[in-house]
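Reading through the structure tokens given below for one structure.
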Amino acid sequence: MKAFTALITRELRLSIRTGGDVLTLVLFFVMIGVVVPFAVGPDRALLGRLAPGVVWIAAFLSMLLGLDRLFRADHEDGTLILLRHADLPFSAVVAAKVMAHWIVSAVPLIVASPLLAVMLALDGAAFWRVVLSLLVGTPALAALGAIGAAVTVSIRRGGLIAPVLILPLAVPVLIFGVGAISTGPGPDLSGSALLFLAAISLITLALSPFAAALAISSGED
Amino acid sequence: MTERHVFGPLALSAHALAVGRGGIALAQGLEFTVQNGKCLLLRGPNGVGKSTLLLTLAGIVEALAGRFDLDGATSEDGPLLHYCGHRNAIKPRLSVLENLDFWARIYGPTGVPPIAALETVGLDHVAGLDAGYLSAGQGRRLALARLLVTARPLWLLDEPTAALDSEGHDLITRLIDAHLEAGGLVVAATHDPITPTDPNSVETLVMAGLH
């Protein structure tokens, strides 16, 4: 357990000291929210209807962009090889990295989401549902992303392959993520969508450390 | 070295071992046994598979044929080896001490305390410095300090003397001497002569190319 927390602490410390990466992703996330009203026009009702989808697309793209740094740096400086001989199973090492990755790439987005809510004319109740659905859904994106990043880590300049690989897998997250916010006509199914989203997150979080660890181990050969 | 660890009986042996990368054999028919207090030096020109053999022994690359065993190890022991490769696995933006402290926690703090290990490798005066500013030789010394903070019987060293000055060569000799004395095992690939004080503890495996 000590080794597990040591890993998370190190990842957080590194990302705070480098700083730039996290900030870039948050800016990118907010930027999408800024651009959409210009493209769609200032119709508040229309924007309000589009908002859940736009927030999720923004979060989705920002998280995909940040994927590459999950294992790449550690692979290049030899850390990944040495972590194989750590005092805890390699899948636990990967799990710690996924968790740290979620903290540095998803939490800042959730914190910045009020900005998007303002620009996209979301009302108060819908805003809280946005936060809740991001909170529940982004772990699944981090977990799926870890698999993509692990598969492509041994490919030099494979930075953009990982997002393309996991895109189809991440579609359900997008569907239920938006569904958990949606304020459209008809019966309100956002509660059950949120439960589905939570299920997807839990399943991917449980499986992805093993899959990613396996991918990294076989990629080294 | 303040703490003395004495390792239990352990023997690393290879039988008709063939190693290679990407399915292409680099060396085959390797036979050797390393026991407690012994050091095996791998010699040979570039590209004969010294590094690949070490990676194979570290369990990172699959052996192509044959097998190697670590006799005397039980499943409760956890990882028994230190691998020290070409890349030093040092993170810039973390201080020298933070880097070492991280590995002590990850590998288990069973050896000397990090600050004492830095003193041994001669880096204690830069303990608070951003590790990104270290020279190549200092980086290598920091990688060697990792061997000390966690006591593990088997050391796999790939070119440990790379980028080190002559005083650094003495340091390696001292570290290996102390490790062998404590009953440790060393397998080292090297072009520079590493001469542990007790010549009886050294065996040399000369590897020749297949091609």
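Residue numbers (my numbering), protein chains in the order written: chain F, 1 to 221; chain R, 1001 to 1211. For glycine and all other residues, C-beta sits at the position ideal for the given N, C-alpha and C. Computed from a predicted model, the values in this text were never measured in an experiment.
query                                                                                                                                                                 : result
Quick one: list the residues of chain R neighbouring F/Ile-81, beta-carbon separation under 9 Å, in chain order.                                                      : Leu-1055, Ala-1058, Ile-1060, Tyr-1083, Gly-1085, Arg-1087, Ala-1089
Tell me the rounded alpha-carbon separation between R/Leu-1100 and F/Phe-210.                                                                                         : 27 Å
Using a Cβ-Cβ distance cut-off of 8 Å, determine whether F/His-85 contacts chain R.                                                                                   : yes
Pick out the complete beta strand (DSSP E) segments inside the stretch 1140 to 1210 of chain R, 3 residues or longer, and give them in chain order.                   : 1154 to 1158, 1185 to 1189, 1202 to 1206
With F/Phe-210 as the anchor, note down where its alpha helix (DSSP H) starts and where it stops.                                                                     : 190 to 220
Which one or two residues does DSSP pair with R/His-1082 in a beta bridge?                                                                                            : R/Trp-1155
Of all Cβ atoms in chain F, is any one closer than 8 Å to the Cβ of R/Ile-1106?                                                                                       : yes
Where does F/Ser-62 land, buried or exposed, given buried means 16+ other C-beta within 10 angstroms?                                                                 : buried
Roughly how many angstroms separate the alpha carbons of R/Gly-1111 and F/Leu-132, rounded to a whole number?                                                         : 46 Å
Would you kindly work out how many angstroms separate the C-alpha atoms of R/Glu-1003 and R/Asp-1124, rounded to a whole number?                                      : Because R/Glu-1003 sits at a pLDDT of 46, beneath the cut-off of 50, its placement in the model cannot be relied upon, and the following sentence gives the value as read from the coordinates. Looking at the two C-alpha atoms, the distance is approximately 18 Å.
Looking only at its chain, what residues have a beta carbon closer than 6 Å to the beta carbon of R/Leu-1070, apart from the 5 residues adjacent to it on each side?  : Leu-1012
So, for F/Ala-162: in the same chain, excluding its five sequence neighbours on each side, which residues have a beta-carbon less than 6 Å away from its beta-carbon? : Leu-67, Gly-148, Ala-149, Thr-152
Residues of chain F with CB closer than 7 Å to the CB of R/Gly-1029, please, in chain order.                                                                          : By Cβ distance, chain F contributes nothing, its closest Cβ being about 21 Å from R/Gly-1029, past 7 Å.
Quick one: does F/Ala-213 have its CB under 8 Å from some CB of chain R?                                                                                              : no
Quick one: what does DSSP say F/Ala-143 is sitting in, helix, strand or coil?                                                                                         : helix
Please state whether the Cβ-Cβ distance between R/Ala-1182 and R/Val-1006 is less than 8 Å.                                                                           : yes
Just the chain F side, please: which residues come within less than 8 Å of R/Gly-1078 by C-beta, in chain order?                                                      : Asp-87
Below 6 Å CB to CB, which residues in the same chain sit around F/His-75 once its five sequence neighbours on both sides are set aside?                               : Val-153
Find the nearest neighbour of R/Gly-1066 within the set R/Glu-1031, R/Leu-1055, R/Leu-1040, judged by alpha-carbon distance.                                          : R/Glu-1031
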